[in-house]
Amino acid sequence: WSLPLKSVFVTFPGDIIKNMTDTELAEGYLKKFGYIDTLHRSGFQSMVSNSKALKRMQRQMGLEETGELDKSTLDAMKRPRCGVPDVAN
Amino acid sequence: YQTFDGDLKWDHRDVTYRILSYTPDMEISLIDEAFARAFKVWSDVAPLTFTRLFDGTADIMISFGRNNHGDPYPFDGKDGLLAHAYPPGEGLQGDAHFDEDEYWTLGTGPAVKTRYGNADGAMCHFPFTFEGKSYSSCTTEGRSDNLPWCATTADYSKDKKFGFCPSELLYTFGGNANGAECVFPFVFLGEEYDSCTTEGRSDGYRWCATTNNFDTDKKYGFCPSRDTAVIGGNSEGEPCHFPFVFLGKKYDSCTSEGRGDGKLWCSTTDSYDDDKKWGFCPDQGYSLFLVAAHEFGHALGLDHSNIRDALMYPMYSYVEDFSLHEDDIEGIQYLYGRKTGPDPTPPQPNTPTTTPYPDPDETDATDGPTTTTTTRPVDPTKDACKLTKFDTITVIEGELHFFKDGYFWKMSNGGDEKVKGPFPVSEKWPALPAVIDSAFENILARKLYFFSGNKTLYWTQFWVYTEQSVLGPRSIEKLGLPNSVQKVEGALQRGKGKVLLFSGENYWRLDEKAQKIDKGYPKYTDLAFGGVPNDAHDVFQYKDHTYFCRDRFYWRMNSRRQVDRVGYVKYDLLKC
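Residue numbers (my numbering), protein chains in the order written: chain A, 12 to 100; chain B, 1049 to 1624.
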């Protein structure tokens, strides 16, 4: 049996840090592309609005509208794309 | 499809664009072509035309930049955001920005166009074999001058076709040195540099001096990226250094160790641990054509679509044989209407009425058919700058002449460089038909040769003017050219009394004095004039350069038969 490699992650100078949790990634994505109204985002309201925003994003991307941050949604958020917001603001 | 709020769109159909900056990832001509093709995607289905400007303000200003690049929407390093564009309008609106931290290709890995060598500027063929070894990138193997090269076919040993790859040792782009190569070492602010540097710049572009002292000469250019150069990181444009040491371990190839995102990277010095210099390894890259076509959709007024196969879907995916989705077509036609009829063309004047059969009673049997030309009054508004293609371009009495449908314009060689005309051909050379395919001047003999003919005629004819007296029309068989030649597309004078005549893919050498074609001709144009279009419709000599024109573009060749510029007839020659 080979032992699993213990990867050490380093901070590369000049790299734009993308090491973030899935939730941080999703929030940033939904905000950047216009799915979240950034002025009304806090606590419980955030969860509700995030679910709505996720559904909206999933509809736009042709994904199953679960309102959950599932794997296919996360994968979609990691794909290369155009920087123009999907929802006009 | 979606449009922006208020259906933002251009209020004119002739949309202009200007390329403000280039990425070093690809040869400039490939970038120009990718953008032109991307615009054509839209002009093929909507009544829009796109005109490139080389200065001033265009509707769509195109640029490359990284991170914070001058607008409120910074890019994010390699991958993630690729580009963005603004909907139609004034100022920043309509502009398109591309993330320089991406690796811009044609979508399938390094797109390396060669220079020099013997492959007429062909693209590198990866992988290729050389002396039994396979190469998937340009190499300096087999050379002592450190110039990277590649084969343009799969097997160099068999085909012996090669060209040189982008390198700062061959040329630079942009800057103010007219593409001259870097000179190493060079001095900048008192320091000596042995390679391209980003010092002195905040945008990360690598540059070099093209003399040995920038401080005194101020001559510089940007360094093209080698295909082996890293992307992004803090060493953009530098090659990987193998082996390199990372966390005490030696690596002979790119690795994803140390990263959580699985991206391959390498060190650009022998030790990452010591120097911390790194970048991402080249990959398939993103198709500049596909991304540009998407962004130009925004610049024309289309927002993102939720149809996965539509061009305006927000995510990138590479498709080999691209065609515009019905959703995109409906979107653009909603904004600008349907495209009807052929491409917009300048109004056509009356064409000559031609009697296809010669009258045996009046004509020498070897002479051409009788052609009578219907002239019309000169329209003073007929503007050479609005024409996209000329029947022929030639130099007469030192002035560049542009012929089109019975008229000609001329451009003096002096300082004012302003196009004059139109002048009716029939007033200056009354024997000529409206359409002139080619012309050349024998300065010593003070003779002007004109060629004309097309598919509706049975053969091509020529006329020789000596001041006001004219000989012809005569069949080109008189010159030894076969009567199957439907058009003489261009003429180049070569030494004393020798003229090269071009038609289709061939050219002939005319001995003017003997009025005969030299032995050994025709020859294939592409064998002697590599890198120019095979179907050029104008070929002429001007200011020590040879020009080959196709459509609105020209390819300029220097005396060493190297294409040193591709440009627009309208802007560069007519100075529109």
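C-beta: ideal position from N, C-alpha, C; glycine also.
Because the structure is a prediction, the values reported are computed rather than measured.
Review point. Thinking just about the alpha-carbon of each residue, which of Ile1484(B), Trp1090(B) and Ile1067(B) is nearest to the one in leucine 1359(B)?
Key: Trp1090(B)
Exercise for review: Establish whether the CB of glutamine 71(A) and some CB of chain B are separated by less than 8 Å.
Suggested key: Output row for glutamine 71(A): interface = yes.
Review point. Beta-carbon of lysine 1546(B) versus every beta-carbon of chain A: anything under 8 Å?
Key: no
Exercise for review: Grab me the residues of arginine 1356(B)'s own chain with a C-beta within less than 6 Å of its C-beta, minus the 5 sequence neighbours each way, in chain order.
Suggested key: Cβ neighbours of arginine 1356(B) beyond the five flanking positions: none.
Point to revise | Beta-carbon contacts of glycine 1227(B) that lie in its chain and below 7 Å, excluding the five residues immediately before and after | key: Tyr1219, Thr1220, Phe1221 and Gly1269
Point to revise | Neighbouring residues, chain A, relative to glycine 1543(B) (Cβ below 7 Å) | key: Under the 7 Å cutoff, chain A gives no residues; its nearest Cβ is about 56 Å from glycine 1543(B).
**Study point:** For valine 95(A) and histidine 1132(B), believed in contact at Cβ under 8 Å, the rounded distance
**Key:** 5 Å
**Study point:** Burial state of threonine 1393(B) (16 or more Cβ within 10 Å)
**Key:** Low confidence applies to threonine 1393(B): its pLDDT is 43, below 50, so where it sits in the model is not reliable, and the reading given next is rough at best. Burial call: exposed.
Check your understanding: Does DSSP classify arginine 1356(B) as helix, strand or coil?
Key -> coil
Practice item. Select from the stretch 1352-1384 of chain B all residues with a C-beta closer than 7 Å to any C-beta belonging to chain A, and list them in chain order. Key: His1352, Asn1354, Arg1356, Pro1362, Met1363 and Tyr1364
Review point. Hey, out of Glu1216(B), Leu1130(B) and Ser1182(B), whose CA is closest to leucine 1195(B)'s CA?
Key: Glu1216(B)
Practice item. Determine the extent of the alpha helix (DSSP H) in which leucine 1622(B) is found, giving its start and end residues. Key: Note, leucine 1622(B): premise wrong, no alpha helix (DSSP H); not H, not E.
Check your understanding: How big is the Cα-Cα spacing for alanine 1277(B) and leucine 80(A)?
Key -> 37 Å
Check your understanding: Applying the criterion that 16 or more other CB atoms from any shown protein chain within 10 Å of the CB defines a buried residue, is leucine 1496(B) buried or exposed?
Key -> Result: buried.
Check your understanding: For the stretch 1138-1150 of chain B against the stretch 1186-1206 of chain B, are there 3 or more C-beta pairs whose distance is under 8 Å?
Key -> no
Practice item. Would you verify that the beta carbon of leucine 1312(B) is, or is not, closer than 8 Å to some beta carbon of chain A? Key: So, not an interface residue.
Exercise for review: Could you check what DSSP says for threonine 1099(B) in three-state terms: helix, strand or coil?
Suggested key: strand
Check your understanding: Relative to the alpha-carbon of arginine 1598(B), which residue among Tyr1569(B), Ala1562(B) and Glu1537(B) has its alpha-carbon at the smallest distance?
Key -> Glu1537(B)
Review point. What do you get for aspartate 1583(B), buried or exposed, if any count of 16 or more other CB atoms within 10 angstroms of its CB means buried?
Key: exposed
Check your understanding: So who's on the other strand from aspartate 1559(B), going by DSSP bridges?
Key -> Lys1546(B) and Lys1564(B)
Review point. Which one of Gly1165(B), Glu1081(B) and Lys1618(B) has the shortest CA to CA distance from lysine 1434(B)?
Key: Lys1618(B)
Review point. Residue ranges of each beta strand (DSSP E) run of no fewer than 3 residues wholly in the stretch 1433-1508 of chain B, ordered along the chain?
Key: 1440-1444, 1447-1452, 1455-1459, 1467-1472, 1486-1490 and 1495-1500
Check your understanding: How do the stretch 1082-1096 of chain B and the stretch 1372-1384 of chain B stand: do at least 3 beta-carbon pairs fall below 8 Å, yes or no?
Key -> Segments in contact, yes.
Review point. For threonine 1429(B), does the count of other Cβ atoms within 10 angstroms reach 16, so buried, or fall short, so exposed?
Key: Since pLDDT at threonine 1429(B) reaches only 49, below the 50 mark, its modelled position is unreliable, and the value read off the structure follows with that caveat. Burial call: exposed.
Exercise for review: State yes or no: is the beta carbon of tryptophan 1152(B) nearer than 8 Å to at least one beta carbon in chain A?
Suggested key: Under the 8 Å criterion on CB atoms, tryptophan 1152(B) is classed as non-interfacial with respect to chain A.
Point to revise | Element boundaries [alpha helix (DSSP H), containing histidine 1342(B)] | key: 1336-1348
**Study point:** Cα-Cα separation, cysteine 1302(B) to cysteine 1329(B)
**Key:** 7 Å
Practice item. For glycine 25(A), go through chain B and note every residue whose CB falls closer than 7 Å to its CB, in chain order. Key: Result: Gly1281 and Asn1282.
Exercise for review: Verify whether the separation of the beta carbon atoms of tyrosine 1065(B) and isoleucine 1079(B) is less than 8 Å.
Suggested key: no
Review point. Sorted by chain position, which residues of the same chain lie with C-beta nearer than 6 Å to proline 1395(B)'s C-beta, five sequence neighbours on each side aside?
Key: Bear in mind that the predicted position of proline 1395(B) carries a pLDDT of just 40, short of 50, making it too unreliable to give a figure here.
**Study point:** Terminal residues of the alpha helix (DSSP H) in which methionine 72(A) lies
**Key:** For methionine 72(A), there is no enclosing alpha helix (DSSP H), as DSSP gives it neither H nor E.
Review point. So what's glutamate 38(A) in DSSP terms, helix, strand or just coil?
Key: helix
Review point. How about threonine 105(A) and glutamine 69(A): do their beta carbons lie closer than 8 Å?
Key: In the structure as shown, chain A starts at 12 and stops at 100, and residue 105(A) therefore has no counterpart that could be examined.
Review point. When you compare only the Cα positions, how much space is there between serine 1243(B) and tryptophan 1326(B)?
Key: If you take the alpha carbons of serine 1243(B) and tryptophan 1326(B), they lie about 16 Å apart.
Check your understanding: In chain B, which residues lie less than 8 Å from alanine 99(A) when you measure between Cβ atoms?
Key -> Within 8 Å Cβ-Cβ: Phe1052, Asp1053 and Asp1351.
Review point. When the Cβ atoms of the stretch 1116-1135 of chain B are set against those of the stretch 1159-1175 of chain B, are three or more pairs found closer than 8 Å?
Key: no
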